[in-house]
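Before any comments, here is the structure.
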Amino acid sequence: MCGIVGYVGREDCIALLLKGLERLEYRGYDSAGVAVIEDGGISLRKAKGRLANLQEEIGVNPLKGFTGIGHTRWATHGEPSFINAHPHVDIHGRLAIVHNGIIENYFSLRKSLEQKGIRFASQTDTEVIAQLLGFYYDGDMLTTLYRVLPMLEGSFALGVLDAACPDKLYCTRKGNPLIVGQGETGSFIASDIPAILEYTRDIYFMDDYDIAVLSRDTIRFYDEMGNELRKESTHIDWDMEAAEKDGYAHFMLKEIHQQPKVIQDTLNHYVNMETMEIRRETMPFSPEQAKALTKVTLLGCGTAYHAGLVGKSLLENLAKIRTTADVASEYRYREPLIDKDEAFIVISQSGETADTIAAMRLAKANGNRVVALCNVIGSTIAREADTVMYTLAGPEIAVASTKAYVAQLLLFELIALDTAHQRGYLSDEQMKEALQALARLPEKADAVIQAKEKIQYFASQSSNCKSVFFIGRLLDYYLAMEAALKLKEVSYIHSESYAAGELKHGTIALIEEGTLVVAMATQHKVLGKLISNIEEVRVRGAKVIAVAANPPQMLSESVAILEIPEAPDAMAPLLAIIPMQLFAYYMALQKGCDIDKPRNLAKSVTVE
Ligand code: F6R
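My numbering numbers the first residue of the sequence shown as 11 and each following residue consecutively.
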């Protein structure tokens, strides 16, 4: 979603701001802008569309300043346009702000300001904040913020410039991420680490209602009562290279290729690979807690929810615990009945997804324990959950999640195995065998990636298709859901997923000569049934591709096969999703889509 970057210091900040915004491009946006304090006033430049347009505008109309803010906007209130792009200023042009989030009561605030004679320039909710700050400005931005913030309902991360204080930068947040850091030449704010990592590795995570006042060499934090706060910084140990493409054409392709390493790194962290034992201290449930578990609820959105569906099956089948997986955006509003001893696992790559945060808070408010599977250190979910298990995927830049999903699946494998072991459903011997099978996955995942030419060939054969049906049974059905999501989000090709046994209850009516059906065929227990379902669509004209390990002859003779290495059924999803990620990638590539930043999508969905 929107991105914020800000700087106050000794350097002319335009290049710093533009570079920071470039690093945030992956979040998705449709306009961009910067503001600096120049000659005692605010200078603004904005442009609709890509950052290149803003750079061009600045090339034609240069500006210079040592204190500035920048923004990439993903439209919510008001269409993507020059006028609606941030930063926004008050009517006197005394201050400028950038804002991530949504002000829910903006309409009534706007009406009351209009009655006081304030004329608005844009259709955005953000401008209401700028005008409120301007209207109530008392000569001190800090006290003005204290006056205005309680009027705002909704969520915000804000960066504020006050032309009267050219060597200060203000920021605050409620419900939207914001970080602050001290570099060598000045102080920075940003909505996300990559924007400022080049300048500092020691990051302060702002909490809701904290206000920070930054100047060249100092950063002061205040709580909502105006008390000065002491905050500890967190050292970030991944570097900018992790956020570069490393010679790959796209981040998505790079991140798909990183998966064998992600699996290995995650295993090394959670498993003692010499003794082949889980590091118990890294597991979310103690032996007593594991034995006492009666119900687990898994919550997430999109791809994270799909990982949760696999997790649900694993916890039920291996650890024999009643488990449900739910979409966080539905769960939070459907007045769920929560058992007292129900455990929750929330899944989120970014740790900032608004719906997942709200669902987590609901469970916590009910007094239940929440475990988070999260990829971003210091994110809201990581900080608020009772226990965090990090997916060690490194920064995921492409909007379409690939390596974080695989890492989430791996964590569910480990949790389910460990819990099953603690509950007595797996012997020590079986546990070791399972971990040994997991240890072979990095090599096998690499083998899948090495066979990418064949996947590219299939994609080239399917380039004209208008829609694709992904089918599967059991875990393969959940994989089909993820495969369909990946294809539609990056290639814009209509795709659907179905439990293979459901086709004949309606969907099969859509199958006609040449329809592309991709069958996920990794679950041995139901392979015979799936082959019958494949036949049902094949005889009706469908072109079928099956993803399978050691496919039986009758399958390989009738349909095209994408072969993956053999793995136990429970672990096959970690391998079988890779060809589907590559298939989506190559389909999008030949359609010339903006693969890393698909239209209308944002990396971190911080609004509901
Ligand atoms: C799809 C995708 C999204 C996210 C979803 C949740 O490729 O990335 O569906 O999975 O928006 O995001 P996180 O995991 O950050 O909570």
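Quick reminder that beta carbons are idealized off the backbone N, C-alpha and C, glycines included. Quick caveat, the model's predicted, so the values are computed rather than measured.
G257 counts as exposed, since fewer than 16 other C-beta atoms from the protein chains shown sit within 10 angstroms of its C-beta. Just so you know, the alpha carbons of A373 and V337 end up roughly 14 Å apart. Under the three-state reduction of DSSP, T334 is assigned to strand. Straight across, the Cα-Cα distance linking E242 with T390 is about 16 Å. In the DSSP assignment, Y508 forms a beta bridge with I481. Its Cα nearest to that of V99, the residue S53 stands out among S53, G482, R609, M590.
According to DSSP, residue pairing for H245 in a beta bridge involves D212.
When the Cα atoms are used, E453 and Q460 turn out to be separated by approximately 11 Å. Here L319 is actually not in contact with A329; their C-beta atoms are around 16 Å apart, not less than 8 Å.
Boundaries of the alpha helix (DSSP H) harbouring D365: 364 to 375, taken from the DSSP string.
Taken in chain order, the complete alpha helix (DSSP H) segments of 4 or more residues contained in the stretch 406 to 477 are 413 to 432, 438 to 449, 451 to 460, 462 to 471. When C-alpha distances from A131 are compared across A577, I101, A106, the shortest belongs to I101.
Relative to the ligand F6R, L325 has its C-beta separated by 8 Å or more from all heavy atoms. Each residue's CA atom was taken as its position, placing V158 and E48 some 25 Å apart. The beta carbon of T313 sits closer than 8 Å to at least one heavy atom of the ligand F6R.
Taken through DSSP and simplified to helix, strand or coil, A45 comes out as strand. Restricted to the stretch 131 to 208, the alpha helix (DSSP H) segments that are unbroken, complete and at least 4 residues in length are 136 to 146, 151 to 158, listed in chain order. One thing to note: S507 has its Cβ within 9 Å of the Cβ of F480. DSSP places K58 inside the beta strand (DSSP E), whose first and last residues are 51 to 58. Around the beta carbon of K126, fewer than 16 other beta carbons sit within 10 angstroms, so the residue counts as exposed.
In the DSSP assignment, R83 falls outside any alpha helix (DSSP H) and within the unbroken beta strand (DSSP E) covering 77 to 83.
If you ignore the 5 residues before and after D275, its C-beta comes within less than 6 Å of the C-beta of L402, all in its own chain and listed in chain order. By the Cβ neighbour-count rule, Q533 is buried, with 16 or more other Cβ atoms within 10 Å of its own. Membership of M564 in any beta strand (DSSP E) is not indicated; the residue belongs instead to the alpha helix (DSSP H) covering 563 to 566.
In this structure, the alpha-carbon of G538 lies about 25 Å from that of A444. Taking one beta carbon from each stretch, the stretch 26 to 37 and the stretch 71 to 87 have 3 or more pairs nearer than 8 Å; the two touch. Beta-carbon to beta-carbon, A577 and A447 are separated by about 7 Å, close enough to satisfy the 8 Å threshold.
Counting only residues of its own chain and dropping the five nearest sequence neighbours on each side, Y487 has a CB closer than 6 Å to the CB of A509. Restricting attention to I112, Y146, I199, the CA atom closest to the CA of I128 is found in Y146. Not a single heavy atom of the ligand F6R lies less than 8 Å from the C-beta of L372. In the three-state DSSP reduction, I574 falls in the coil class, being neither helix nor strand. The C-alpha of I266 lies about 16 Å from the C-alpha of L489. In the DSSP assignment, N63 falls within the alpha helix (DSSP H) that extends over 61 to 70.
The beta carbon of E89 sits closer than 8 Å to the beta carbons of Q133 from its chain, once the five residues preceding and following it are set aside; these are given in chain order.
Taking C-beta atoms as the reference points, L436 and A430 count as a pair closer than 9 Å. The residues P452, in chain order, have a CB closer than 8 Å to that of K271 in the same chain once the five nearest residues on each side in sequence are set aside.
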